[in-house]
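Residue 106 in numbering that gives the first Met the number 0 sits at position 107 of the sequence shown, and the numbers go up by one each step. Where is the CB? At the ideal position from N, CA and C, for every residue including glycine. What follows is a set of notes on a single structure, which appears directly below.
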Amino acid sequence: MKSSYLTLGIVALSVLTGAGLSVVDDSVTLPGFEKNHSQDEHDHGSHTHGDSSATNYTLGSDHAHALFYVNLNGSEYDFSREKFQLRSSYVHLENFKPHIVHKHAENVTWSFFLETMNIELDRSNKTCVAIEGNRTCGTASVVLNGEKPDTLDRKIRQGDNFAMVIPRSNQTIQDYMDNELPEDYKPDTGRSIAFENMVLSPDSRI
């Protein structure tokens with residue numbers, strides 16, 4: 000009889016243990032894990048840069064807006080899609096407005112913003128722009144309001160106007176540079192910066 004009770008006890012324990020494992024495997028997920036995992040597939044900037052820059056930027060230490068354009072082969076790149084929104088807490092596009100950059104921290108640079116958007120700019124031989132891994136190469140104009148800096152490690156300032164155009168088109172650049180922020184987004188005056196591709200002749204103009 001004792002042997003029968005022992006056998007029944009072992010069977011019952013096995014059933015309960017198996018049921019417990021089944022419950023854990025089927026239903027336990029970390030809060031927010033699915034969302035974060037999904038973002039990692041298309042939202043590299045919001046995770047990597049938001050965490051890595053925590054010691055460099057202070058959220059809420061600044062507030063500014065700027066213009067932003069990318070034109071590849073005659074067409075503006077569509078940054079209005081949801082996957083390009085809120086890529087970083089420190090700087091991001093403004094509520095599905097693909098041409099308005101919204102900054103929330105001091106010292107945030109244009110190069111940092113491009114990184115959060117997963118945009119790579121390679122100027123080794125000819126200019127190549129990679130967005131989400133898709134590369135476009137050729138002569139180019141990369142412009143922040145009018146001059147020729149040798150780096151994009153410049154702080155985003157209120158009213159700045161960034162435009163990247165491949166292939167180079169002086170008229171397209173001029174059209175972008177003529178644009179201004181809507182009145183609701185320009186409490187202050189921005190500054191002028193720009194640079195051209197090195198393949199341009201010295202007397203070339205924007």
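Nearest C-alpha to Asp177 among His64, Gly158 and Asp183: Gly158.
When the Cα atoms are used, Ser168 and His98 turn out to be separated by approximately 19 Å. Taking C-beta atoms under 8 Å as the contact rule, Asp152 and Glu105 fail to qualify, at a distance of about 14 Å. Under DSSP, Asp121 forms a beta bridge with Cys127.
In the DSSP assignment, Glu114 falls within the unbroken alpha helix (DSSP H) covering Trp109 to Thr115. DSSP places Ile172 in the helix class (H, G or I) of the three-state scheme. Assignment of Tyr68 by DSSP, reduced to helix, strand and coil, places it in the strand class.
Going by DSSP, Arg134 is part of the beta strand (DSSP E) stretching over Asn133 to Gly137. With respect to Met163, Val69 sits close: the two C-beta atoms are nearer than 7 Å. Here Ser123 is actually not in contact with His103; their C-beta atoms are around 33 Å apart, not less than 8 Å. Phe95 sits exposed, since fewer than 16 C-beta atoms from the chains shown fall within 10 Å of its C-beta.
The beta-carbon distance between Asn72 and Thr135, rounded to whole angstroms, is 7 Å. This is short enough to meet the 8 Å contact definition.
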